[in-house]
Amino acid sequence: MNAWLEIVSPGLGVSVQDAGRSGHRAIGVPLSGALDPTGLAAANLLAGNEAGAAGLEVLLAGPVLRAVDAPLRIALGGSLAGRLIPRDGPPRPVAAWSALTLQAGDTLHLVNAPGAGYLAVSGGLQVMPALGSRASYPRAGLGPPPLQAGQRLPCRQATDRAQPDLQADSLLHPDGPIRVIPGPQAGHFTPSALATFLSEPYRIGQQRDRMGIRLDGPPLAHSELGADIVSDGVAPGAIQVPADGRPILLLADCQTVGGYPKIATVIRADLPRIAHLQAGDSLRFAAVDARQAAAARADLASRLQAWQASIRPRGGLTDSAALLAANLAGAAVRGDEDPLQTQP
Amino acid sequence: MTGHPRLLPLGDCAFTVEFGRLIEPATQARVFGLAAALEAARAAGNLPGVIEWVPTFCGVTVHFDPDLADTGALASSLLSLAGEARGHHGTGRLWTVPVCFDPDCGPDLDTVATTRGLDPQEVIERFVASEFTVCMLGFLPGFPYLSGLPAELEMPRLATPRSRVPAGSVAIAGRMAAIYPWDSPGGWRLLGRTPLRLFDASRAERPALFAPGDRIRWQVVGPEALAAEGVR
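Chains A and B, in that order, are what the protein sequence lines are. So the first sequence is numbered by UniProt numbering: it starts at 1 and just counts up by one. So the second sequence is numbered by UniProt numbering: it starts at 1 and just counts up by one.
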């Protein structure tokens with residue numbers, strides 16, 4: 001039997017995302033995918049999915065969702081928490097970083113703390129893929145269109161109604177400067193502009209979407225090579241600086257090519273952190289090399305792995321059979337934590 | 001100035017191989033040459049961890065998974081492939097693209113004509129007399145940047161971009177021409193419109209109609225041709 005996730009209210013800044021639509025950039029198709037792939041991966045691991053399965057990304061206001069026709073297994077990652085209104089029974093809070101089964105007719109009100117939140121559904125959202133990805137890129141009609149009230153997203157029904165609720169620790173990104181590799185056009189900037197970029201604080205500007213973020217801060221002067229280049233390839237994380245000297249940090253939905261010089265590019269391990277910054281938040285940049293970038297990726301991978309070991313049944317259940325049923329054999333069994341402590 | 005080809009880092013997941021800094025046929029030919037060499041190297045299994053590459057006017061941007069590729073070895077391979085890359089003029093397809101130049105479709109035709117001291121009809125004639133080459137795709141899925149614009153038709157972009165350019169619009173800016181695959185904002189000068197559907201994700205083998213290296217000729221059609229194929 002099919003199960004559906006009905007959009008009762010679409011929230012704000014909510015879209016279907018997965019690991020992205022790679023392989024088509026030569027024909028101008030943006031990568032897309034989750035702004036914080038780690039947050040999406042965590043929600044998917046809680047739901048028993050592959051890290052890159054399609055789920056909902058929530059950047060502003062959380063949506064209201066309902067399970068239709070059959071039970072659904074869902075999990076929350078990142079800044080999302082919520083409130084479950086069962087079809088019969090009293091409402092109860094749903095903690096961040098948890099997994100539970102929605103019975104048909106149950107309604108889930110999601111609340112997004114500032115940041116990027118992810119909802120995963122066991123089996124992944126089964127919307128029609130386009131060019132190998134379910135990520136939504138409405139500008140070119142790829143993936144699902146913007147969510148609307150009443151819309152139903154196809155899902156796989158939960159296989160085992162007796163699966164326990166799960167809880168995990170919070171998986172927080174570290175602080176510290178955002179690490180970048182200078183270039184590809186660092187030579188288009190004066191030495192003092194480069195020094196400014198790597199020493200002064202910048203703030204997340206008001207103009208932001210999934211394509212990019214304007215940064216407020218000291219303007220960056222171009223060298224005699226100027227503020228225009230013949231368009232070359234760009235990637236999420238690239239920081240381009242137009243003639244006005246105000247940097248723009250490109251994100252997952254960015255174009256594939258661009259004609260502004262790029263002073264530096266955020267490394268893969270630190271790009272997810274950007275998704276959690278709010279307008280007005282301050283950030284600094286630090287230059288690293290490829291070896292330090294590799295160490296940062298390894299650190300991120302090991303933190304995700306350590307986090308995965310914190311997944312445990314909610315509310316003190318220590319039945320190893322239940323853990324096996326939840327396909328989490330080997331995970332630490334810890335029943336001593338208050339599952340509600342991460343409530344907003 | 002550093003010699004070319006040279007390798008520019010684009011974060012920890014991409015390199016741009018740059019052959020020059022100007023749009024020139026010889027540079028473009030080396031770009032196509034490297035793209036062909038990359039295709040052959042990948043087919044031979046010699047590019048572990050490489051996901052895809054994007055040919056542009058002056059170079060090729062190679063995206064890779066740094067956890068699967070040896071970044072240092074890949075850098076050496078790319079420089080070596082780039083050094084060996086022969087000029088390649090593309091074995092791309094030759095397309096005949098229907099264009100309607102009616103004023104509704106080409107609202108900037110008169111301005112271009114006046115600015116360049118030509119009649120609108122002369123602008124059309126010079127435009128369609130030239131064969132264009134697809135240098136690269138970008139800006140939007142399937143958006144082709146076309147070289148081959150006659151020098152006497154070069155125009156700067158609009159000072160204020162339009163908030164909506166209709167899909168199918170054939171446009172010029174600087175030394176380039178292009179076709180908008182989608183309704184979108186845009187600052188290029190609109191000369192006409194084609195009914196061709198430039199991008200269709202359901203065309204699995206070729207979602208974008210054109211590929212880098214393809215050549216384009218124009219065929220003047222009337223507005224009925226747009227209606228017949230249903231302009232989006």
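Beta carbons are placed, not taken as given, at the ideal position from N, Cα and C, and that holds for glycine.
Close Cβ partners of residue i (< 7 angstroms) along its chain, the five nearest in sequence each way excluded
i	result
Val221 of chain B	Pro98, Val99 and Cys100
Leu198 of chain A	Phe285, Ala286 and Ala287
Glu200 of chain A	Gly217 and Pro218
Cys254 of chain A	Pro30, Met211, Gly212, Val234 and Pro236
Leu118 of chain B	none
His88 of chain B	Ala29, Phe32, Gly33 and Ala36
His4 of chain B	Glu18, Phe19 and Gly20
Under the three-state DSSP convention, the category residue i falls into
i	result
Val221 of chain B	strand
Leu40 of chain A	helix
Ile311 of chain A	coil
His109 of chain A	strand
His63 of chain B	strand
Val31 of chain B	helix
Val241 of chain A	coil
Val54 of chain B	strand
Phe189 of chain A	strand
Phe15 of chain B	strand
Asp232 of chain A	strand
Glu200 of chain A	coil
Asp216 of chain A	strand
residue 345 of chain A	In this structure chain A extends from 1 to 344, so residue 345 of chain A is not present and cannot be described.
Ser223 of chain A	coil
Ala321 of chain A	Confidence at Ala321 of chain A is low in this model, with a pLDDT of 44, below 50, so its placement is unreliable and the value that follows should be read with caution. Of the three classes helix, strand and coil, the one that applies to Ala321 of chain A here is helix, per DSSP.
Pro98 of chain B	strand
Ser169 of chain B	strand
Ile23 of chain B	coil
Arg92 of chain A	strand
Which listed residue (the options) has its alpha carbon closest to that of residue i
i	options	result
Ala296 of chain A	A:Ser136, A:Arg214 and A:Val266	A:Val266
Ala3 of chain A	A:Leu46, A:Leu125 and A:Glu224	A:Leu125
Arg303 of chain A	A:Gly33, A:Thr38, A:Ala221 and A:Ala130	A:Thr38
Asp209 of chain A	A:Leu80, A:Leu60 and A:Pro91	A:Leu60
Ala15 of chain A	A:Ser122, A:Gln151 and A:His24	The residue you asked about is not Ala; residue 15 of chain A is Ser in the sequence shown. Comparing Cα-Cα distances from Ser15 of chain A to each of A:Ser122, A:Gln151 and A:His24, the minimum goes to A:Gln151.
Glu84 of chain B	B:Gly33, B:Asp108 and B:Leu74	B:Gly33
Trp188 of chain B	B:Val134, B:Leu74 and B:Leu146	B:Leu146
Ser130 of chain B	B:Ala201, B:Trp218 and B:Asp104	B:Trp218
Pro144 of chain A	A:Ala162, A:Ala130, A:Ser122 and A:Pro91	A:Ala130
Arg162 of chain B	B:Gly45, B:Thr194 and B:Pro107	B:Pro107
Pro146 of chain A	A:Leu56, A:Ala269 and A:Leu251	A:Leu56
Gly117 of chain A	A:Leu80, A:Leu249 and A:Ala54	A:Leu80
Leu38 of chain B	B:Arg21, B:Pro25 and B:Gly59	B:Gly59
Gln17 of chain A	A:Leu100, A:Ala34, A:Ala149 and A:Gln206	A:Ala34
Pro138 of chain A	A:Ala269, A:Gly13, A:Ile7 and A:Ala290	A:Gly13
Gly11 of chain B	A:Gly226, A:Leu300 and A:Val180	A:Val180
Continuous beta strand (DSSP E) stretch holding residue i: start and end
i	result
Arg116 of chain B	Element bounds for Arg116 of chain B: not the beta strand (DSSP E) but the alpha helix (DSSP H), Leu109 to Arg116.
Ala264 of chain A	Lys262 to Val266
Ser147 of chain B	Pro144 to Ser147
Arg193 of chain B	Arg189 to Arg193
Ser98 of chain A	Ser98 to Leu102
Val288 of chain A	Taken as a continuous stretch (DSSP letters only), Val288 of chain A belongs to no beta strand (DSSP E), as it is neither H nor E.
Leu137 of chain B	Phe132 to Leu137
Trp182 of chain B	Careful: Trp182 of chain B lies outside any beta strand (DSSP E) and carries neither H nor E.
Glu50 of chain A	Segment: none, Glu50 of chain A is in no beta strand (DSSP E) and carries neither H nor E.
Sequence-distant residues of its chain with Cβ nearer than 8 angstroms to residue i (five each side left out)
i	result
Arg215 of chain B	Gly90, Gly92, Arg93, Leu94, Trp95, Glu131, Phe132, Thr133 and Val134
His222 of chain A	His188, Phe189, Thr190, Ala193, Val241, Ala243, Gly245 and Pro261
Terminal residues of the alpha helix (DSSP H) in which residue i lies
i	result
Ala82 of chain B	Thr71 to Glu84
Phe127 of chain B	Pro120 to Ala129
Ile274 of chain A	Leu271 to Ile274
Beta-carbon proximity list for residue i, same chain, < 6 angstroms, skipping 5 on both sides
i	result
Gln278 of chain A	Pro114
Gln308 of chain A	Leu45
Ala67 of chain A	Leu102, Ala104 and Asp106
Ile124 of chain B	Phe101
Ser282 of chain A	Pro201 and Arg203
Arg6 of chain B	Glu18
Glu337 of chain A	Unreliable positioning characterises Glu337 of chain A in this predicted model, as indicated by a pLDDT of 35, which lies under 50. The coordinate reading is nonetheless provided below. Hits under 6 angstroms: none found.
Asp232 of chain A	none
Ala42 of chain A	Gly77 and Leu171
Ser32 of chain A	Gly20, Arg21, Ala135, Tyr137, Ala252 and Asp253
Gly52 of chain A	Asp18 and Ala19
Ala41 of chain B	Leu47
Checklist entry - If you pair each beta-carbon of the stretch 36–55 of chain B with each one of the stretch 11–25 of chain A, do three or more pairs fall below 8 angstroms? => result yes
Checklist entry - Counting pairs of Cβ atoms below 8 angstroms between the stretch 17–28 of chain B and the stretch 271–280 of chain A, do you hit three or more? => result no
Checklist entry - For the stretch 46–53 of chain A against the stretch 149–169 of chain B, are there 3 or more C-beta pairs whose distance is under 8 angstroms? => result Because the criterion of three Cβ pairs below 8 angstroms is not met, the stretch 46–53 of chain A and the stretch 149–169 of chain B do not touch.
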